[in-house]
Amino acid sequence: MIRIATYNVEWFDNLFDHDGALLLDDRWSSRYNVTRKMQLEALKTVFTALDADAIMVIEAPDTSRSRETRRALEQFADWAGLRANTIQTGFISHTQQEIALMYDPLLLRVRHDPQGVKNDTNLPAFNTEFRADLGNGEDERAHFSKPPLELDVEHRVSGERLRLMGVHIKSKAPHGAKGALEVAQVSLENRRKQLAQSIWIRERVKEHLDANDPLIVLGDFNDGIGFDTFESLLGRSSIEVIMGLDAHKPEKELILYEPHALHHQRSPSNAPTSARFYKPKRQEYHSVLIDYVMVSQNLRSNASWRIWNPLEDGGLQANEALAQALLTASDHFPVSVDLPLG
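Position one of the sequence shown corresponds to residue 0 (numbering that gives the first Met the number 0), numbered consecutively onward.
Right under this line is the structure:
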């Protein structure tokens, strides 16, 4: 049995200096009313409890001329005493947020294996550009500020192989927009860009499913089924596109499986949530399901999922220290899947 998880760590980059050393001090982090030491200690508690063989870290520390994702996460893993202490990155982000895999090197072999780089596919590599058909007679040019991380993973004991794809697609939020009209215009524009990214990912997913590759697509998708009115304009959510749920009577083997997404599709009013954002104007929290671990049908059997949300998981509520750490560490909660491999 192996455990694979995704975890979006809010403002992880701000907890390290340029040498990747941890900023274990009492200065404020970028999380409200949380010091850098408090956030790092909380993250240590969460990562230790998670005890995953591989964690896809979303919003990982930055790589740039003066900073390096791998160096920062290695020092974090060493300080926290994690066995997932080896780091694999891919195409560098155009932002201060990277996608990186932390994994246990005694159990797994991992290599960056981006598709489309050597003309081995009809689709371009994720660090280039793609023209997506939105399905309504319009095209949209797609590109990623944070290119998905494509990995080939081998279990050292059994020799079983997996494909992992770490994803952080564009938010639909109209950041910076003013007034109702501009908010609507920016929201629709962002929704089109997000949908184009999702179509690109889905085309890559289909290539792997057609080849019967064991595949896991995981990360922060900034969307869910039935989230907003723009779905009625564009016909589908990003989650439906990537999972293959929007096709007419699709072949079962070409559908990715994610129980939380399907729960939300059937019963949105009592679906689980993976992130919790504070709305200052309303002075209240808004909880949503936007983090997912999707698996191919050949991995679905006997797999077990968990959202590490202490507000909804009774087992986590019973552990007061861990529950508090999960609330302090990030505005997202980890999502994990246990697979009968090895």
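Ideal Cβ positions, reconstructed from N, Cα and C, are used throughout, including at glycine. Please read all numbers here as calculations on a predicted model, not as lab measurements.
Using alpha carbons as the reference points, say which of Glu149, Glu257, Thr34, Arg69 lies closest to Ile224.
Glu257
- Residue range of the beta strand (DSSP E) that His285 falls in? 283-287
Quiz item: Going straight from the alpha carbon of Asp25 to that of Asn13, what length do you get?
Solution: 13 Å
**Request:** Could you check which residue in Gly165, Gln184, Arg235 has the C-alpha nearest to that of Val204?
**Result:** Selected option, being the one with the closest Cα: Gly165.
State the Cα-Cα distance for the pair Glu58 and Tyr6, rounded to the nearest angstrom. 9 Å
Rounded distance between the beta-carbons of His17 and Ser65, thought under 8 Å:
5 Å
Is the stretch 184-202 touching the stretch 116-132, taking contact as three or more C-beta pairs under 8 Å?
yes
Looking only at its own chain, which residues have a Cβ that is under 7 Å from the Cβ of Arg265, when we skip the five neighbours before and after it? none
Run the CB neighbour count on Asn278, radius 10 Å, all protein chains shown included, and call it buried at 16 or more, exposed below.
Reading off the sequence, residue 278 comes out as Lys, not Asn. Result: exposed.
- DSSP beta-bridge partners of Ala59: Glu97
Pairwise C-alpha distance: Ser335 and Gly313 = 16 Å
Around the Cβ of Ala0, are there at least 16 other Cβ atoms within 10 angstroms (buried) or fewer (exposed)? What sits at residue 0 in the sequence shown is Met, not Ala. Exposed, since its Cβ has fewer than 16 Cβ neighbours within 10 Å.
With the cut-off set at 8 Å, would you say Ser303 and Leu255 are in Cβ contact?
No, the Cβ-Cβ distance between Ser303 and Leu255 is not below 8 Å.
(request) For my contact list, Ala53 and Ala20 are in at a C-beta cut-off of 8 Å; report their separation, rounded to the angstrom. (result) That belief does not hold up - the Cβ atoms of Ala53 and Ala20 are roughly 25 Å apart, past 8 Å.
Worksheet item: Sorted by chain position, which residues of the same chain lie with C-beta nearer than 7 Å to Phe143's C-beta, five sequence neighbours on each side aside?
Response: Phe125, Gln196
Open item on the list: Classify Val8: buried if its beta carbon has 16 or more other beta carbons within 10 angstroms, exposed otherwise.
Closed with: Val8 sits buried, since 16 or more C-beta atoms from the chains shown fall within 10 Å of its C-beta.
Worksheet item: So is Leu105 buried or exposed if we call it buried at 16+ other beta carbons inside 10 Å?
Response: exposed
Label Gly80 either buried or exposed according to how many other C-beta atoms from any shown protein chain fall within 10 Å of its C-beta, with 16 as the threshold for buried. exposed
**Prompt:** Is the Cβ-Cβ distance between Glu97 and Ile86 less than 8 Å?
**Reply:** no
Just tell me which of Met101, Glu188, Val156 has its CA closest to the CA of Glu137.
Glu188
Buried or exposed: which applies to Ser300, given that a residue is buried once 16 or more other Cβ atoms fall within 10 Å of its Cβ? exposed
Which residues in the same chain as Leu321 place their Cβ atom closer than 8 Å to its Cβ, once the five residues preceding and following it in sequence are excluded? Thr44, Val45, Ala48, Pro309, Leu315
Review point. Comparing alpha-carbon positions, which option in His167, Leu150, Phe220, Asp77 lies nearest Pro213?
Key: Sorting His167, Leu150, Phe220, Asp77 by C-alpha distance to the C-alpha of Pro213 places Leu150 at the top.
Using the C-alpha atoms, what's the distance from Asn32 back to Asn297?
45 Å
* To do: For Asp112, collect the residues of the same chain with a Cβ closer than 7 Å to its Cβ; drop the 5 residues on either side in sequence, then sort them by chain order.
  => Glu149, Leu150, Asp151
Check: Where Pro267 and Lys117 are concerned, what is the direct C-alpha to C-alpha distance, given to the nearest angstrom?
Finding: 42 Å
Discussion item. Checking 8 Å against the spacing of the C-beta atoms, do Asp290 and His262 come in under that value?
Written reply: For Asp290 and His262, no; Cβs fall outside 8 Å.
Taking the beta carbon of Ala329 as the centre, do at least 16 other beta carbons fall within 10 Å, making it buried, or is it exposed? The question names Ala, yet the displayed sequence has Ser at residue 329. By the 10 Å Cβ count, Ser329 comes out buried.
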